[in-house]
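*Asks:* Have a look at the structure that comes next, please.
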Amino acid sequence: NAGVTQTPKFQVLKTGQSMTLQCAQDMNHEYMSWYRQDPGMGLRLIHYSVGAGITDQGEVPNGYNVSRSTTEDFPLRLLSAAPSQTSVYFCASSYALGSGNTIYFGEGSWLTVV
Amino acid sequence: LAKTTQPISMDSYEGQEVNITCSHNNIATNDYITWYQQFPSQGPRFIIQGYKTKVTNEVASLFIPADRKSSTLSLPRVSLSDTAVYYCLVGPRGPGNTPLVFGKGTRLSVIA
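Chains as they are written, first to last, in my numbering: chain A, 594 to 707; chain B, 69 to 180.
Quick look at the structure:
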């Protein structure tokens, strides 16, 4: 039972480089989302999706792009990495958008931008 | 999405019972109360959910008064391994109107 799988787990980027964080879930969940968490801080929502072909912005979307071509996958793209994007990134999924639905998180991707 | 308020941090000694209260004054009729636990360097994980009165599982208990404007997560006899951040979320099951937004949570530190 894989649940939510994120790759890579660790990545170091140079300022200005681009990269994609991969996220896949095998629970047939409609809702998927990306959060970032800075040291000692709470989770901040970057982008989310309520189904294939549908995405929307969260609290901190600038500098990130997403797409949802399949139910299973929800990649997060950093267009031009900046040191301010150094953070831990979590992908999550749940049955639907409502907060009463259990949300499942991946193990996190640690990103450092130098 | 019902706004929630919970303490920023709490300290406890091992073996004590810890109660973390979450206020959600504008909870809607079809909203559920869900608590998540996040250990350092891990993503949050579901620990308990309730609608009214009391719910208990192997990890915690959740107490919800009749007016449902607050809830209390109770951790019995905590150990060092219970050191984590605890988040309270309020919202409906099934389709909703707003995305899942986590607040800062309550940082519980258990001391030996």
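Note that CB positions come from ideal geometry on N, CA and C, so glycine has one too.
Just checking: is the beta-carbon of A/N694 within a distance shorter than 8 Å of some beta-carbon in chain B?
*Replies:* Closer than 8 Å to some Cβ of chain B, the Cβ of A/N694 qualifies, so yes.
*Asks:* Assuming the contact rule is C-beta atoms closer than 8 Å, B/L168 and A/S626 should be a hit. Round their C-beta distance to whole Å, please.
*Replies:* With 8 Å as the limit, B/L168 and A/S626 qualify as a contact, their Cβ atoms being about 7 Å apart.
*Asks:* From the DSSP output, which residues share a beta bridge with B/I88?
*Replies:* DSSP, once it has assigned bridges, lists B/L141 as partnering B/I88.
*Asks:* Can you list, in chain order, the residues of the region 93-104 of chain B whose Cβ is nearer than 7 Å to any Cβ on chain A?
*Replies:* Answer set for the region 93-104 of chain B: D99, Y100 and T102.
*Asks:* Beta carbon of B/H92: closer than 7 Å to some heavy atom of the ligand FMN?
*Replies:* The ligand content of the structure shown is nil, which means the ligand FMN is not present either.
*Asks:* Within the same chain, show all residues whose beta-carbon is closer than 8 Å to that of A/T613, passing over the 5 residues directly before and after it, in chain order.
*Replies:* So the list reads P668, L669, R670 and L671, once near-sequence residues are dropped.
*Asks:* So which of B/S149, B/L176, B/S129 and B/G118 has the shortest CA-CA distance to B/R161?
*Replies:* The candidate whose alpha carbon is nearest that of B/R161 is B/G118.
*Asks:* So what's A/D649 in DSSP terms, helix, strand or just coil?
*Replies:* Reduced to three states, the DSSP call for A/D649 is strand.
*Asks:* Hey, is the region 108-118 of chain B in contact with the region 69-81 of chain B, meaning 3+ C-beta pairs nearer than 8 Å?
*Replies:* The answer is no - the region 69-81 of chain B does not touch the region 108-118 of chain B, with fewer than three Cβ pairs under 8 Å.
*Asks:* If we ignore side chains and look at the alpha-carbon of each, how far apart do B/L157 and A/S692 end up?
*Replies:* Straight-line Cα distance between these residues: approximately 7 Å.
*Asks:* How many angstroms separate the CA atom of B/L148 from the CA atom of A/G699?
*Replies:* Distance between the alpha carbons of B/L148 and A/G699 is about 24 Å.
*Asks:* So which residues on chain B does A/A689 lean against when the C-beta distance must stay under 8 Å?
*Replies:* Near A/A689 (Cβ distances below 8 Å), the residues of chain B are R161, G162, P163 and G164.
*Asks:* Tell me whether the beta-carbon of A/R637 lies closer than 8 Å to the beta-carbon of A/Y624.
*Replies:* Contact flag unset, no.
*Asks:* Given that B/G173 touches chain A, what residues does it touch there, using C-beta distances under 7 Å?
*Replies:* Those within 7 Å of B/G173 in chain A are G635.
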